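Undergrad: Here's a structure for you.
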Amino acid sequence: MEDFYRKQRQRARLRSPWSCSLVTMICTGLSLLLLATIAQSFLGRQLDSKGCKMSYMLSAFAKYTDFDTEHTRFATKYSLYLYREAGIDQDTRVKGIPVLFIPGNAGSYKQVRSLAAEAANYYHDVLQHDPQAQQDGKRPFDFFSVDFNEDITAFHGQTLLDQAEYLNEAIAYILALYHNPHRSLRDDSLPDPTSVMLVGHSMGGIVARTMFTMHNYQPNTINTIITLSAPHARAPVSFDQDIVDTYQNINEYWRNSYSMESGPLDHVTLVSIVGGGLDTVVPSDYASLTSLMPESHGFTVFTSTMPHVWTGMDHLAIIWCDQLRKAVIKALFDVADVKQPTQTIPRAERMHHFRKRFLTGLEPIIQKDLPKQEAKMLLSLDDQSSAILTEGERLNLRQLGSSAKTEAYVLPVPSSVENDARRLAVLTNQRIDEHGPVQIFLCSSHVPQAGAGGNAYAINLDLSGGSSGFMRLSCKDAVVDAIALPASNSESNFAFDDVQPFTYVEYALKDLSEYQFVAVVDKASELTDGWVIAEFSDATKSTVTVRRSLRSLMLSGMHRVLPAARAMVNELRVPRVHSSLLAYTLRIHQNCNTEPLFQPLLRQYISEPYESKFFPNVRGDVNINLHGVSPFVPPPANAAHTKDGLSLQIWSDPTCNAEMSVSLDIDILGSFGKLYMRYRTVFAAFPLVVVALVLRKQFKVYDATGIFMSFSEGMDQCIRTSLPVLFIALSFLSLALANHATISASESLLGSQDEATESFLEFTKNDLLLGSNDPFFFWLVPLFGVISVGVCIVLNYITLALTQVLTFFYAKVRNVRLRNDDGRRTQTAFAVTSPLQRVITTSILLIMVATIIPYQFAYLVLCLVQLATSVRALRLAQETRSGNNYNFYNYVHSLLMLMLWILPINLPVLVVWIHNLAVHWLTPFSSHHNILSIMPYILIVETMSTGHIIPRLTSPKRLVNNIMLFALALYAAIYGVSYAYVLHHLVNGFAAWLVVVHFAPLLRGRGGLEEQQRGASGGNPPSPPGDGHVKKMP
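And the structure:
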């Protein structure tokens, strides 16, 4: 009898939905602790400073009502507008250069106003009064914008394609406006435009690239694209097959086009501008173009890199940020030329102007403009003048205007040797143009004969003092290559402070072969606080490469001491630091013997994409985080730059004459926050790994003992057995994949480089597991495994609590007798409809799915039906206290848990469909109406709603069941994040298998509800007398 009671207690524990062991509680606590750490780190650590200024405008919009159904089939859903700035231009006729703004996911056409207003004001206040600008073809912009009714493009590929089709038709209409004399004010002598420049925000940038792949695209109607926070590299979410396929098709088209000799995109330039860590909507890593196109046609740049912007910004601020809109509009005017049919200058010149506007000027790809300039100054100096420094001497001007007259200080240019790494560096806190107190010239002793008398020079500066021994120098102004740097004084706080920036000039010695002298001209007429430092230094001596592994950095960090006698510019390179998943803390310390001219200025940068951050007046801890190698992002077509890693460039006063200590440590807590943006979608896949293994365990026990254990008990047993084994195996798989990727990368670097030979598999190799090919991050698999287990446990208990509450109210509302005198359930325990009624209901639902509603809507309905079935099953189990009924409830509840984890994959498309109904767009989706994608779900939910429990499986079927659930878990772990939509279909296949198992006995003529229940009981012995629930044998 004691053994009998022990077995009864064991059965009760297995069936108890609320069972919770110590192991389960520990795992849940650890999971919640990890989630809290990630949330606290994301919200409170390693945060970039916000420096955007508000923009203002007086907007007016003119709608083109005649762009109707004769032009496009989307005329009733979308609209086209022209922007005009009130007080500057009220005429709605086109007159300038067409620019089309494309809003992003759920964006408004009114978001164009900040950019369009700046364009109108900049032309009105500056360009129209500049004769040279008018001669260069600068005219006002006609800014158009599209009202997409706040369409949700990030979740639905067909919507993205619809917008691209509409925009191609809109461009044809816009270009036609310039041909109509009643709609255009353009000068008749100018050519009619043949192309439109595009500015796309967020998914609008992807729509812009999609336009080239559409059937209605007219060649050469687009040649310049600027995108703002657009996820080019991969789709933000992978819940919709259409969006994933569209991304793959677009990116493959762009890669193939640039691999051709003269491809269809050879004339197109694309600049991707992204806000950095402050953008919490789209991971900034996804904006990278490095895997899509060569640097000759486009690049990715962070707003913190851009001169006079120098700040990160969030997903919406990137549209209205005043500093950024000024930079973007100036860049667009730089490349505009109304005298050309394309309305732009040639591609190579466009790229040159974009790099000058958007990059720091310190990048190796930047071309110097000095060789293109004419000599502007003739400088005459006494041969014995003290203003001529000796070779290698540094120029330190601590004040300007000390002599109250124009002075020139001349540095001899050293002779260059082979592989010479020396460079000229000049830094000042003043402007160096003709209006500033100081100018920098590069001078040659070869004076052209025509300039000997000074007639050919704008400036003739004679500082010879009437000496008979003097030399004449023909000089070019270096202002064309001047680089703006954030001011770094003792009062400086941020790079974006509203103060006069520093000016920096840098030339490699090999670029100065035509010049013999560098002249620094002090034009200040009175004593000022201006200063200038100029020197020649060896870059190899001032550059330190730290070759430390991440494991070594984790344990002991990096510590370096820069000597007191050092150059003005020093650089530390850490090649191993290139991952966007880690954050660091940097400390710089020095004690100057004298008052420094400026405080240390730090530039943190990586070579690809172009991300720089400036930190003026460095003191205390500096947060270092970057967007380098990122999970799931395709590898760059040219992997050479990824080996450069993090670089730290430091400007410091060389007259300080003190050592500088630099230390870099991994910020472990700060790094946890970086996981959120990169791995948000992991919770659409990894919990399914857990649920599938728990279901597998439940079926194994049920087939062996006849007891369908509760989800909680199944979770507890899996935590002790299969889950640790699977996550450890996946960790080893992650290491194997990472080592293979490392070997492949090394071979590609050693072998020949051919951009055209990159295969599709090369660009999708980061789709596996957690998307990282770095062996250091193998621990991410068990980390997210533990979190997923805890999340599943919490959701299970939340669902149980909800079911209990609904059961309580259901019992109050529907008082139905659930069992007979013999202990069996009554016919009304489950409101069983007739087979004909069920067939009719199912047929109607399938017809609606095939014609009107997407299957995602039907899936939501099925989840609600399954919840209702779970409520009825729980009430029945509580009322009858029957083991069979608890088996049925646990079975229904476990399948509800499986369906709930599939629900987030289906909700985004459902949201798109509801939005279309809200804007009265009743055209059905061209996709998501496959009845086979939902029929097995309908059949299994309908079967369970009638009170049927699955029969116990025999050996062959057990094997099939185990394989299917294990395959589901394996796919969810390996491919689930990148192809989450497939999980719906895999679970759909499993549901089809359950339907087959359910109806197999009926098809063989031995079925019936009571027989299945008896078969499922497994021959349980009756309860002992006295429990009040004796099950009588028929």
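Residues 1 to 1034 (the UniProt record's numbering) are what the sequence shown spells out, left to right.
From the three backbone atoms N, C-alpha and C, an ideal C-beta is built for every residue, glycine too.
Since the model is a prediction, treat every value here as computed from it, not as a measurement.
1. On the criterion of 16 or more Cβ atoms from any shown chain inside 10 Å, does threonine 303 qualify as buried, or is it exposed?
2. Using C-beta distances below 8 Å, list every residue in its chain close to asparagine 493, excluding the 5 sequence neighbours before and after it, in chain order.
3. Excluding the 5 residues preceding and the 5 following alanine 992 in the sequence, name in chain order all residues of the same chain whose CB lies nearer than 7 Å to its CB.
4. May I ask you to report which of helix, strand or coil DSSP gives methionine 260?
5. In this structure, how does DSSP classify aspartate 242 when only helix, strand and coil are distinguished?
6. Under the three-state reduction of DSSP, which class applies to valine 196: helix, strand or coil?
7. So glycine 298 is in the beta strand (DSSP E); what residue range does that whole segment cover?
8. In chain order, what residues of the same chain have a beta carbon less than 8 Å from the beta carbon of lysine 330, not counting five sequence neighbours either side?
9. Nearest CA to the CA of cysteine 27: which residue from His893, Ala106, Tyr676 and Val690?
10. Just verifying my parser: in three-state terms, what is the DSSP assignment at glutamine 649?
11. Report the rounded CA-to-CA distance for leucine 669 versus valine 622, giving the unit in angstroms.
12. With a 10 Å radius around its C-beta and 16 neighbouring C-beta atoms as the bar for buried, classify aspartate 774 as buried or exposed.
13. Per DSSP, which one or two residues make a beta bridge with glutamate 611?
14. Among Leu953, Ala120, Ser402 and Ala567, which one has its Cα closest to the Cα of phenylalanine 999?
15. So, is phenylalanine 632 buried or exposed, given that buried needs 16 or more other C-beta atoms within 10 angstroms?
16. Just mark serine 647 as buried or exposed, buried being the case when its beta carbon has 16 or more other beta carbons within 10 Å.
17. Name, in chain order, the residues that DSSP records as bridge partners for serine 272.
18. Please check the pair residue 1036 and glutamine 590, which I expect to be a contact at CB under 8 Å, by giving their CB distance rounded to whole angstroms.
19. Return the chain-ordered list of same chain residues with a C-beta closer than 8 Å to the C-beta of glutamine 218, the five sequence neighbours on each side being excluded.
20. List in chain order: all unbroken beta strand (DSSP E) runs of 3+ residues lying wholly within the region 36-123.
21. Classify arginine 347 as helix, strand or coil using the three-state DSSP reduction.
22. Where does the unbroken alpha helix (DSSP H) through arginine 875 begin, and where does it stop?
23. Would you report the Cα separation of glycine 976 and phenylalanine 727, rounded to the nearest angstrom?
24. Determine which residues share a DSSP beta bridge with glycine 401 and list them.
25. According to DSSP, is proline 782 part of a helix, a strand, or is it coil?
26. Only counting the same chain, and skipping five residues up and downstream in sequence, which positions put a Cβ closer than 6 Å to that of cysteine 656?
27. Are there 16 or more other CB atoms within 10 angstroms of the CB of arginine 186, so buried, or fewer, so exposed?
28. Can you give me the start and stop residues for the alpha helix (DSSP H) that aspartate 162 sits inside?
29. Which residue or residues does DSSP assign as beta-bridge partners of methionine 471?
30. Using CA coordinates, which residue listed in Pro486, Leu33 and Asp147 is at the minimum distance from alanine 495?
31. Glutamine 1013 by DSSP, collapsed to three states: which one?
32. Look at the alpha carbon of serine 464 and the alpha carbon of threonine 221, and state the distance between them as a whole number of angstroms.
33. Can you name the start and end residues of the alpha helix (DSSP H) that alanine 704 belongs to?
34. Taking buried to mean at least 16 other C-beta atoms within 10 Å of its own C-beta, is leucine 22 buried or exposed?
35. Rounded to a whole number of angstroms, what is the C-alpha to C-alpha distance between residue 1097 and leucine 864?
36. Quick check on alanine 524: does DSSP put it in helix, strand or coil?
TA: A quick look at the data gives this:
1. Within the sequence shown, residue 303 is the residue found at index 303, counting from 1. Threonine 303 should be labelled buried.
2. The residue given as residue 493 occupies position 493 in the sequence shown. The residues are Pro616 and Asn617.
3. Here residue 992 corresponds to residue number 992 of the sequence shown, with the count starting at 1. If we look at alanine 992 and ignore the five residues flanking it on each side, its Cβ neighbours are Pro936.
4. Within the sequence shown, the letter at position 260 stands for residue 260. Reduced to three states, the DSSP call for methionine 260 is coil.
5. As a position in the sequence shown, residue 242 is number 242, starting the count at 1. Residue state, collapsed to three classes: helix.
6. As a working note, residue 196 is residue 196 in the sequence shown. Of the three classes helix, strand and coil, the one that applies to valine 196 here is strand, per DSSP.
7. Residue mapping note: residue 298 aligns to position 298 of the sequence shown, counting from 1. Here the beta strand (DSSP E) through glycine 298 covers 298-302.
8. To locate residue 330, count along the sequence shown from 1; it is residue 330. Around lysine 330: Tyr122 and Arg357.
9. Here residue 27 corresponds to residue number 27 of the sequence shown, with the count starting at 1. If we check each option's Cα against that of cysteine 27, Val690 comes out closest.
10. Against the sequence shown, residue 649 aligns to sequence position 649. Of the three classes helix, strand and coil, the one that applies to glutamine 649 here is strand, per DSSP.
11. As a working mapping, residue 669 is identified with position 669 in the sequence shown. As a working mapping, residue 622 is identified with position 622 in the sequence shown. The alpha-carbon atoms of leucine 669 and valine 622 are separated by roughly 15 Å.
12. Numbered from its first residue, the sequence shown carries residue 774 at position 774. Buried, by the Cβ-count rule.
13. Along the sequence shown, read from residue 1 onward, the residue named residue 611 stands at position 611. Paired residue(s): Ile606.
14. Numbered from its first residue, the sequence shown carries residue 999 at position 999. Ranking the options by Cα distance to phenylalanine 999, first place goes to Leu953.
15. Position 632 of the sequence shown holds residue 632. It counts as buried.
16. Reading the sequence shown from its first residue, position 647 is the one you call residue 647. Classification of serine 647: buried, given that the 10 Å Cβ count is 16 or more.
17. The residue you call residue 272 lines up with position 272 of the sequence shown. Serine 272 is bridged to Thr227 and Thr300.
18. As displayed, the chain neither begins before 1 nor continues past 1034, which places residue 1036 out of reach and without an answer.
19. What you label residue 218 is simply residue 218 of the sequence shown in a count that begins at 1. Result list for glutamine 218: Asn168, Ile171 and Ala172, in chain order.
20. 59-63, 79-85 and 97-102
21. Residue mapping note: residue 347 aligns to position 347 of the sequence shown, counting from 1. Helix at arginine 347.
22. By 1-based counting over the sequence shown, the position of residue 875 is 875. Following the DSSP letters along the chain, one finds arginine 875 inside the alpha helix (DSSP H) bounded by residues 855-880.
23. Within the sequence shown, residue 976 is the residue found at index 976, counting from 1. Within the sequence shown, residue 727 is the residue found at index 727, counting from 1. If you draw a straight line from the Cα of glycine 976 to the Cα of phenylalanine 727, it is about 15 Å long.
24. Here residue 401 corresponds to residue number 401 of the sequence shown, with the count starting at 1. Bridge partners of glycine 401: none, in fact.
25. Against the sequence shown, residue 782 aligns to sequence position 782. In this structure, proline 782 counts as helix in the three-state DSSP scheme.
26. Reading the sequence shown from its first residue, position 656 is the one you call residue 656. Hits under 6 Å: Cys592 and Pro596.
27. By one-based count along the sequence shown, residue 186 stands at place 186. Counting Cβ neighbours within 10 Å, arginine 186 comes out buried, since at least 16 surround it.
28. If you number the sequence shown from 1, residue 162 lands on position 162. Its alpha helix (DSSP H) spans residues 157-177.
29. Counted from its first residue, the sequence shown places residue 471 at position 471. Bridge partners of methionine 471: Leu381.
30. On the sequence shown, residue 495 is found 495 positions in, with the first residue counted as 1. Ranking Pro486, Leu33 and Asp147 by Cα distance to alanine 495 puts Pro486 first.
31. Within the sequence shown, the letter at position 1013 stands for residue 1013. Residue placement at glutamine 1013 is poorly supported in this model, since its pLDDT is 46, which falls under 50; the coordinates still yield a value, given next. Helix at glutamine 1013.
32. Translated into positions along the sequence shown, residue 464 becomes position 464. Translated into positions along the sequence shown, residue 221 becomes position 221. Spanning the two alpha carbons is a distance of roughly 59 Å.
33. The count along the sequence shown starts at 1 and reaches residue 704 at position 704. It spans 686-705 - the alpha helix (DSSP H) in which alanine 704 sits, taken as one unbroken run.
34. Taking the first residue of the sequence shown as 1, we reach residue 22 at position 22. Exposed: under 16 other Cβ atoms inside 10 Å.
35. Because the chain in this structure spans residues 1 to 1034, residue 1097 falls outside the shown range and cannot be described.
36. Numbered from 1 along the sequence shown, position 524 holds the residue referred to as residue 524. Three-state DSSP puts alanine 524 in coil, outside helix and strand.
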